[in-house]
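Only one structure is covered here, and it is reproduced in the block below.
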Amino acid sequence: DTEVTQTPKHLVMGMTNKKSLKCEQHMGHRAMYWYKQKAKKPPELMFVYSYEKLSINESVPSRFSPECPNSSLLNLHLHALQPEDSALYLCASSQAPRQEETQYFGPGTRLLVL
Amino acid sequence: QKEVEQNSGPLSVPEGAIASLNCTYSDRGSQSFFWYRQYSGKSPELIMSIYSNGDKEDGRFTAQLNKASQYVSLLIRDSQPSDSATYLCAVNLLNQAGTALIFGKGTTLSVSS
Numbered sequence: 366d367t368e369v370t371q372t373p374k375h376l377v378m379g380m381t382n383k384k385s386l387k388c389e390q391h392m393g394h395r396a397m398y399w400y401k402q403k404a405k406k407p408p409e410l411m412f413v414y415s416y417e418k419l420s421i422n423e424s425v426p427s428r429f430s431p432e433c434p435n436s437s438l439l440n441l442h443l444h445a446l447q448p449e450d451s452a453l454y455l456c457a458s459s460q461a462p463r464q465e466e467t468q469y470f471g472p473g474t475r476l477l478v479l
Numbered sequence: 009q010k011e012v013e014q015n016s017g018p019l020s021v022p023e024g025a026i027a028s029l030n031c032t033y034s035d036r037g038s039q040s041f042f043w044y045r046q047y048s049g050k051s052p053e054l055i056m057s058i059y060s061n062g063d064k065e066d067g068r069f070t071a072q073l074n075k076a077s078q079y080v081s082l083l084i085r086d087s088q089p090s091d092s093a094t095y096l097c098a099v100n101l102l103n104q105a106g107t108a109l110i111f112g113k114g115t116t117l118s119v120s121s
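Protein chains in written order, with our numbering: chain R, 366 to 479; chain Z, 9 to 121.
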């Protein structure tokens with residue numbers, strides 16, 4: 366089973382709202398990732414958690430705040446977003462933060478910021 | 009800046025033909041390479057991973073890696089209309105902070121029946 370789940374599937378929010386995206390995996394993976402994908406572009410890495418610790422933050426604005434409450438869950442808290450933040454937000458996980466490990470993607474949350 | 013380059017396409021092939029997708033990467037120290045397929049509106053799905061020079065076959069798919077030339081390719085034999093999608097080449101980089109998957113821009117494949 367290589368399932369990564371994400372909720373919600375779709376989200377519409379105003380620029381003053383606070384919302385959270387949720388990602389869950391039960392494969393015992395110890396590395397989890399957030400990517401952002403704009404239309405017609407490849408996924409771009411935002412954050413990496415290794416063994417529940419934030420290991421990579423790709424210069425993401427502070428209006429995006431990741432959280433890893435435990436080894437199965439990954440959240441992305443959103444606050445004061447801009448319309449240009451509208452995108453598909455993808456969560457992924459891998460067995461470990463090793464180069465040879467495959468990353469498995471969830472279905473994504475499609476976010477629209479008005 | 010570590011980069012992964014792909015021809016964006018579209019690559020159009022008739023049903024039953026071989027589709028050839030190519031990718032080059034800039035970081036000579038890269039060790040792990042992946043091909044993902046992404047249907048419109050969906051998330052990336054792993055097709056193949058390859059780590060050693062040479063060919064790796066899985067059903068109708070063959071991945072080829074040449075580290076000296078910094079080149080990765082994906083061949084799809086007996087292409088089907090259901091193979092129509094964007095194919096993303098990805099390289100997993102390892103640095104002190106952890107691993108980071110770097111994607112090419114993707115090649116859009118269209119298989120006509």
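Beta carbons are placed, not taken as given, at the ideal position from N, Cα and C, and that holds for glycine.
- Taking a contact to require three or more Cβ pairs closer than 8 Å, the stretch 59-66 of chain Z and the stretch 16-27 of chain Z do not qualify as touching.
- Contact check for Pro431 of chain R against Tyr414 of chain R passes: the beta carbons are separated by less than 9 Å.
- The Cβ of Thr107 of chain Z sits closer than 9 Å to at least one Cβ of chain R.
- For Asp86 of chain Z, the three-state secondary structure derived from DSSP is coil.
- At least 9 Å separates the CB of Pro373 of chain R from every CB of chain Z.
- In terms of CA proximity to Lys10 of chain Z, Z:Gln78 leads the group Z:Leu117, Z:Gln78, Z:Gln46 and Z:Thr94.
- In the DSSP assignment, Arg45 of chain Z falls within the beta strand (DSSP E) that extends over Ser40 to Gln46.
- Among the bridge pairs identified by DSSP, Tyr414 of chain R is matched with R:Met397 and R:Leu419.
- Put simply, the backbone Cα of Met397 of chain R is about 18 Å away from that of Pro373 of chain R.
- Taking the CA atoms as reference points, Ser38 of chain Z sits about 11 Å from Thr107 of chain Z.
- Assignment of Glu409 of chain R by DSSP, reduced to helix, strand and coil, places it in the strand class.
- Contact fails between the stretch 412-426 of chain R and the stretch 380-394 of chain R, because fewer than three Cβ pairs, one in each stretch, are under 8 Å apart.
- Leaving aside the five residues that flank Glu423 of chain R on each side, the residues in its chain whose CB is nearer than 8 Å to its CB run, in chain order, Glu409, Leu410, Met411 and Phe412.
- Neighbours of Phe42 of chain Z in chain R, taken as residues at a C-beta separation under 9 Å, are given in chain order as Thr467 and Gln468.
- Using a CB distance below 8 Å, the part of the stretch 410-424 of chain R facing chain Z consists of Leu410, Val413, Ser415, Ser420, Ile421 and Glu423, ordered along the chain.
- Inter-segment contact for the stretch 82-92 of chain Z and the stretch 427-444 of chain R is absent: fewer than three beta-carbon pairs are separated by less than 8 Å.
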